Structure formats: C-alpha cells, structure tokens
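Worksheet for the structure shown next.
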Amino acid sequence: MRWVRSLAHKKKGCRTDAVFLCRWQNGDFSVVKAGNKEEAIEFLDEVANAEGCSVTAIKDFMAHFRLRDDGESELERFGEATYSDIMERS
8 MRWVRSLAHK KKGCRTDAVF LCRWQNGDFS VVKAGNKEEA IEFLDEVANA
58 EGCSVTAIKD FMAHFRLRDD GESELERFGE ATYSDIMERS
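Going by the working numbering, the letters in the sequence shown line up with residues 8 to 97, in that order.
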C-alpha cells in the first residue's frame, strides 16, 4: 500500500524526500531531508563540503528536544532506530 501512495504522489508531481545522514571526517554528523543524495550534499554545503563523506539515506528519524528555562532548546535524545543508524555509521 505504501508504494501505491508513493506512485500516486509521483503522478501528481509531488516530491518524495528522504532523510540523509552525513558522517563528517571528524566524527560529527548532520541530518538533512532532501529529494536525493546529490541534493542532500548541496544542502550540506552550508556546513562544509560533504563530497567524499559518507552520506546515506536512513529509514526512520526521530529526535526529542528539551526546552530549557532560558528559552533555548537542546537535544535530549534520539529515537532508538535513529540512534542505531547513527552508531552503525560511526
């Protein structure tokens, strides 16, 4: 059923994006939503040149942020599947 919805979106001209994980050479990582790997690399240029880095699509992404007393937010934790994807690619 999922592929039927995906096919219907393509016929209507809708864009189907994926979430990509980029592992930087220093061990840091970035997560970006893009239409394909090439577009993800273009978006990642805001951080640094991602060509030559590991950039892979991940199936699931979940992150929980905590609102601090000073009004700023901070990452509290990743979902289990997301954490596993990050650690597998380290």
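Positions of the beta carbon are idealized from the N, C-alpha and C atoms, including for glycine.
None of these values were measured; they are calculated from a predicted model.
Assumed close pair residue i, residue j - CB separation to whole angstroms, cut-off 8 Å
i	j	result
residue 68	residue 39	In fact, because the Cβ distance is near 10 Å, the residues do not count as touching under 8 Å.
residue 70	residue 85	5 Å
Own chain, CB closer than 6 Å to residue i, minus 5 neighbours either side, in chain order
i	result
residue 44	62
Opening and closing residue of the beta strand (DSSP E) in which residue i lies
i	result
residue 83	80-85
residue 40	36-41
Pair within 7 Å by beta-carbon distance, residue i and residue j
i	j	result
residue 55	residue 47	no
residue 92	residue 65	yes
7 Å Cβ shell around residue i - same chain, five flanking residues per side excluded
i	result
residue 13	With a pLDDT of 42 at residue 13, under the threshold of 50, the modelled position of that residue is not reliable, and the figure given next carries that caveat. These residues qualify, in order along the chain: 23.
residue 72	80, 81, 82 and 83
Beta-bridge pairing of residue i - partner residues as DSSP gives them
i	result
residue 28	38 and 63
residue 73	81
Where the alpha helix (DSSP H) containing residue i begins and where it ends
i	result
residue 68	Note, residue 68: premise wrong, no alpha helix (DSSP H); not H, not E.
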